[in-house]
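Colleague: Okay, handing you the structure first.
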Amino acid sequence: MRAVGIILAGGNNEGRLGVLTDSRAAAAMPVGSCYRAIDFTLSSMSSSGINKVAVLAQYNSRSLQDHLSFSKWWDFGRKQGGLFVFTPFTSSDSSNWFRGTADSIYQNISYLRRSNEPYVVISSGDCLYKMDYRKVLQYHEQKGADITVVCKNMPDVDLSKFGIMELDEEKRLLEFEEKPLQAQGTMASLGIYVISRTLLIDLLEEIIPAGRYDFVKDIIIRFRKTLKIYGYEFEGYWSS
Numbered sequence: 107m108r109a110v111g112i113i114l115a116g117g118n119n120e121g122r123l124g125v126l127t128d129s130r131a132a133a134a135m136p137v138g139s140c141y142r143a144i145d146f147t148l149s150s151m152s153s154s155g156i157n158k159v160a161v162l163a164q165y166n167s168r169s170l171q172d173h174l175s176f177s178k179w180w181d182f183g184r185k186q187g188g189l190f191v192f193t194p195f196t197s198s199d200s201s202n203w204f205r206g207t208a209d210s211i212y213q214n215i216s217y218l219r220r221s222n223e224p225y226v227v228i229s230s231g232d233c234l235y236k237m238d239y240r241k242v243l244q245y246h247e248q249k250g251a252d253i254t255v256v257c258k259n260m261p262d263v264d265l266s267k268f269g270i271m272e273l274d275e276e277k278r279l280l281e282f283e284e285k286p287l288q289a290q291g292t293m294a295s296l297g298i299y300v301i302s303r304t305l306l307i308d309l310l311e312e313i314i315p316a317g318r319y320d321f322v323k324d325i326i327i328r329f330r331k332t333l334k335i336y337g338y339e340f341e342g343y344w345s346s
């Protein structure tokens with residue numbers, strides 16, 4: 107697949123998981139007897155042909171790093187790509203914690219610059235699903251999209267924890283409301299995005315120096331009128 111992967115695994119999701127993340131990253135939460143939450147995203151990326159993946163970790167990252175030391179499970183060979191874990195840069199006189207999702211990517215922008223793949227697939231690392239990203243990329247190219255946001259119709263779910271998308275008949279984004287108290291629709295963003303690698307670099311270099319650090323608020327919402335942003339409706343199983 108002509109894309110690199112980025113997995114956002116820096117959050118602790120304390121509001122949703124509480125004490126369960128006191129000693130481990132949310133993405134390292136056990137699922138079943140031998141799996142971790144991040145394994146579902148890694149499996150989807152591997153089976154979709156993405157062989158270069160960056161995991162951006164922050165809170166309790168040791169638990170995640172220990173688990174990912176067995177990266178051979180997912181066939182991310184260094185010859186073709188590799189699995190990389192990036193944490194905030196620290197030195198003797200500074201500790202630059204990730205200030206948001208966009209900032210976590212920006213702090214590791216060299217990963218994007220060193221890559222040759224034309225696209226980037228971005229996903230959270232603590233959700234359970236199986237997805238063929240190749241279908242999302244095909245849709246992205248057919249639409250001529252700048253950004254594609256994977257979404258799901260969720261009429262029977264508490265939507266106050268989701269970003270809610272309003273799409274036109276062609277599935278182009280009209281409005282995006284982040285975690286509304288009273289949602290006006292039921293099309294929820296799953297936090298999975300496809301974007302051109304060079305466009306992502308350009309957007310990050312524009313927003314970060316201006317003190318804007320969040321991918322949803324400062325890219326998706328801010329540029330919804332000027333960029334061609336489309337929703338790809340996912341109909342498979344997904345759980346956070």
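All residue numbers for the sequence shown refer to our numbering, where the first residue is 107 and numbers rise by one.
Ideal Cβ positions, reconstructed from N, Cα and C, are used throughout, including at glycine.
Computed from a predicted structure; not experimentally measured.
Would you mind sorting Pro194 into buried or exposed? The rule is 16 or more other CB atoms within 10 Å of its CB.
Modeller: When all chains shown are included, Pro194 counts as buried.
Colleague: Sorted by chain position, which residues of the same chain lie with C-beta nearer than 6 angstroms to Trp203's C-beta, five sequence neighbours on each side aside?
Modeller: Result list for Trp203: Pro194, in chain order.
Colleague: What is the DSSP secondary structure of Thr127, counted as helix, strand or coil?
Modeller: Low local confidence applies: a pLDDT of 43 at Thr127 is under 50, so the model's placement there is unreliable, and no value is given.
Colleague: What ranges does the alpha helix (DSSP H) occupy inside the region 196-282, keeping only unbroken runs of at least 4 residues that lie completely in it?
Modeller: You should have 207-212, 215-220 and 239-249.
Colleague: Under 7 angstroms Cβ to Cβ from Asp209, same chain only, skipping five residues before and after it: list those, please.
Modeller: Closer than 7 angstroms at the Cβ level, and outside the excluded window around Asp209, lie Ile314 and Tyr319.
Colleague: Roughly how many whole angstroms lie between the Cα atoms of Phe321 and Asp238?
Modeller: Taking the straight line from one Cα to the other gives about 23 angstroms.
Colleague: For the beta strand (DSSP E) holding Ile301, just list the boundary residues, first then last.
Modeller: That run of the beta strand (DSSP E) goes Met293 to Ser302.
Colleague: Measure the C-alpha to C-alpha separation of Lys249 and Tyr336 and round it to an integer number of angstroms.
Modeller: So the two alpha carbons sit approximately 8 angstroms from each other.
Colleague: Would you mind giving the Cβ-Cβ distance between Gly111 and Ala160, rounded to the nearest angstrom? I have them listed as a contact below 8 angstroms.
Modeller: Gly111 to Ala160, Cβ: 7 angstroms. Contact.
Colleague: Would you report the Cα separation of Thr147 and Gly206, rounded to the nearest angstrom?
Modeller: Each residue's alpha carbon lies about 20 angstroms from the other.
Colleague: Is the Cβ-Cβ distance between Ser256 and Tyr343 less than 8 angstroms?
Modeller: Going by the sequence as given, residue 256 is Val instead of Ser. Cβ atoms of Val256 and Tyr343: not closer than 8 angstroms.
Colleague: Would Leu189 and Leu174 qualify as a contact pair, given that the criterion is a beta-carbon distance under 8 angstroms?
Modeller: Yes, these two residues count as a Cβ contact at 8 angstroms.
Colleague: Between which two residues does the alpha helix (DSSP H) harbouring Ile113 extend?
Modeller: Element bounds for Ile113: not the alpha helix (DSSP H) but the beta strand (DSSP E), Ala109 to Ala115.
Colleague: Would you kindly check if the distance between the Cβ of Met107 and the Cβ of Arg240 is under 8 angstroms?
Modeller: A contact, by the Cβ cut-off of 8 angstroms.
Colleague: Using DSSP with H/G/I as helix, E/B as strand and the rest coil, what is Ala132?
Modeller: Helix at Ala132.
Colleague: Alpha carbon to alpha carbon, how far is Cys233 from Tyr225?
Modeller: In a straight line, the C-alpha of Cys233 is about 22 angstroms away from that of Tyr225.
Colleague: Whose C-beta lies closer than 6 angstroms to the C-beta of Ile327 among residues of the same chain, with five residues either side of it excluded?
Modeller: Same-chain partners within the cutoff: Phe282.
Colleague: Just tell me which of Ser221, Val300 and Tyr212 has its CA closest to the CA of Gly317.
Modeller: Minimum Cα distance to Gly317 is reached at Tyr212.
Colleague: Output the boundary residues of the beta strand (DSSP E) element that contains Ile335.
Modeller: Taken as a continuous stretch (DSSP letters only), the beta strand (DSSP E) holding Ile335 covers Ile335 to Glu339.
Colleague: As a quick exercise: from Ile156, Ser150, Glu341 and Asn222, pick the residue whose alpha carbon is nearest that of Ile307.
Modeller: Comparing Cα-Cα distances from Ile307 to each of Ile156, Ser150, Glu341 and Asn222, the minimum goes to Asn222.
Colleague: At the level of alpha carbons, what is the spacing between Gln288 and Leu265?
Modeller: If you take the alpha carbons of Gln288 and Leu265, they lie about 8 angstroms apart.
Colleague: Per DSSP, what kind of secondary structure is Leu189 in: helix, strand or coil?
Modeller: Note: Leu189 maps to strand in three-state DSSP.
Colleague: Count the other CB atoms, across all protein chains shown, that sit within 10 Å of the CB of Asp369; report buried if there are 16 or more and exposed otherwise.
Modeller: Past the edges of the chain, shown from 107 to 346, lies residue 369, and the structure says nothing about it.
Colleague: So Leu162 is in the beta strand (DSSP E); what residue range does that whole segment cover?
Modeller: Taken as a continuous stretch (DSSP letters only), the beta strand (DSSP E) holding Leu162 covers Lys158 to Ala163.
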